[in-house]
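>
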Amino acid sequence: MKVITYSSMKDFIDDTLELLLKDEAVNQLLIFTALSKKDLATNDTLHAGKVIDENNEVSLIFLNSQPYNLLAYTPNETINVDAVKLLAEYLVNNNIRIYGINACKTISETFIRYYKKLTKANFTERLAMDIMELSEVNDITLPEGNFRQATLEDLPLLSRWFCQFSLDATSELIDISIASSFMTEKISHGLVYIFENKNKQAVSMAAATRQLQNGICINLVYTDEAFRKKKYGSAVVFNLSKLLLQSGNKFCTLCVDKSNQISNRIYRKIGYKILDNSYDFRLN
5 MKVITYSSMK DFIDDTLELL LKDEAVNQLL IFTALSKKDL ATNDTLHAGK
55 VIDENNEVSL IFLNSQPYNL LAYTPNETIN VDAVKLLAEY LVNNNIRIYG
105 INACKTISET FIRYYKKLTK ANFTERLAMD IMELSEVNDI TLPEGNFRQA
155 TLEDLPLLSR WFCQFSLDAT SELIDISIAS SFMTEKISHG LVYIFENKNK
205 QAVSMAAATR QLQNGICINL VYTDEAFRKK KYGSAVVFNL SKLLLQSGNK
255 FCTLCVDKSN QISNRIYRKI GYKILDNSYD FRLN
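Here it is in structure tokens:
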């Protein structure tokens, strides 16, 4: 068993993309990150590779793009513990810095166990998510209202919503100026959508944030606190999912906090199904 690394992101993509696309929704972050850096050479802050077993079969694929978390995936049904251990040893022995890890729970916890033995480092769980996918929307009852694309006139409201979205999701406070800059970019690219109630009040939002090869990721799903429990979140996700499928995407995917069973049920009613889990652990 050994670690294979690549001198360029193009070589990494050419060698691993076919495997990654077999679980495209699960690997959306890894694929999206790799493709966004496809013209770069790997370097001290960008490492890409795989771990192969004695039969030259791929046991683990990884990408470490600093200052973001290490991303890791196995194409196999069961986790090869030795492969994860070898990756931890490789990173430590080569003095490759990591900021955390994003992977399924089993890979994450296995990696952390061995990494801690080697470095005495501690990790904190930041997010525990279910990765969900939909290829066809169910016929469900929705509240009266209007679904539309957001404009820059909506920016003040959506910036405040984004601050609250971040606080709810990660307990992190974001400055309103940063939120405004972020939402300006998303709105300007036509990625953000709003649902208005029958009184023409904007009550919920969602965005198409990550275009994949065969599908697209929905994120930033948020309903104004004053208008919750009225199915407005269902309405904006249903309409956006339907629009994105009609636009040629084969599937829509989203991630939901494992502790948020209300959102989980809402998405299942629309037609989303859980594919896998994804954990975000940060190095303290």
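For what it's worth, the working numbering labels the leading residue of the sequence shown as 5, then goes sequentially.
Note that the Cβ used here is the ideal one computed from N, Cα and C, for glycine as well.
None of these values were measured; they are calculated from a predicted model.
On a CA-only basis, which of L122, Q153, N264 is nearest V196? Give me that one, please.
Among L122, Q153, N264, the Cα nearest to that of V196 belongs to Q153.
> Going by other Cβ atoms of all chains shown within 10 Å of its Cβ, with 16 needed for buried, is S69 buried or exposed?
Label assigned to S69: buried.
> Kindly examine the ligand NAD and report whether one of its heavy atoms sits closer than 7 Å to the Cβ of I220.
The ligand NAD is not part of this structure, which contains no ligands at all.
> Report buried or exposed for G275, applying the criterion of at least 16 other Cβ atoms within 10 angstroms of its Cβ.
With 16 or more Cβ atoms within 10 Å of its Cβ, G275 is classed as buried.
> Starting from A230, follow the alpha helix (DSSP H) in both directions and report where the run begins and ends.
Here A230 belongs to no alpha helix (DSSP H), and DSSP marks it neither H nor E.
> Can you tell me whether C259 is helix, strand or coil according to DSSP?
The answer is strand: DSSP assigns C259 an E or B state.
> Are the region 221-229 and the region 241-259 touching, with three or more C-beta to C-beta distances below 8 Å?
As far as the Cβ criterion goes, the region 221-229 touches the region 241-259, which means the pair count is three or higher.
> Measuring CB to CB, does A239 end up less than 8 Å from F199?
Against a cut-off of 8 Å, the Cβ pair of F199 and A239 comes out as a contact.
> Alpha helix (DSSP H) containing V7: first to last residue?
No alpha helix (DSSP H) holds V7; the beta strand (DSSP E) holding it covers 6-9.
> Can you find the residues in the same chain that come closer than 8 Å, C-beta to C-beta, to Y118, ignoring five residues on each side of it along the sequence?
The answer, listed in chain order, is V88, K89, A92, E93.
> For the putative contact between V141 and S245, defined by C-beta atoms under 8 Å, what is the C-beta separation to the nearest angstrom?
Yes, they are in contact, since the Cβ atoms of V141 and S245 sit about 5 Å apart, within 8 Å.
> Do you know how far the Cα of S112 is from the Cα of D134?
Cα to Cα, D134 sits roughly 14 Å from S112.
> Could you have a look at T110 and say whether DSSP puts it in helix, strand or coil?
Helix, per DSSP.
> Determine which residues share a DSSP beta bridge with S282 and list them.
M133, per the DSSP bridge assignment.
> Would a C-beta distance cut-off of 8 Å place I17 and L287 closer than the cut-off?
No.
> If K26 sits next to N281, beta carbons under 8 Å apart, how far is it from one beta carbon to the other, in whole angstroms?
So it is not a contact: roughly 18 Å between Cβ atoms.
> Would you give the residue range spanned by the beta strand (DSSP E) that G53 belongs to?
50-56 is the span of the beta strand (DSSP E), which, as asked, contains G53.
> For the putative contact between L24 and Y77, defined by C-beta atoms under 8 Å, what is the C-beta separation to the nearest angstrom?
Sure, about 7 Å apart at Cβ, within 8 Å.
> Is the beta carbon of I35 closer than 8 Å to that of L74?
No, these two residues do not count as a Cβ contact at 8 Å.
> Are there 16 or more other CB atoms within 10 angstroms of the CB of A45, so buried, or fewer, so exposed?
So A45 ends up on the exposed side.
> Going by C-alpha to C-alpha distance, which of K54, A52, L247, K235 sits closest to R269?
Comparing Cα-Cα distances from R269 to each of K54, A52, L247, K235, the minimum goes to K235.
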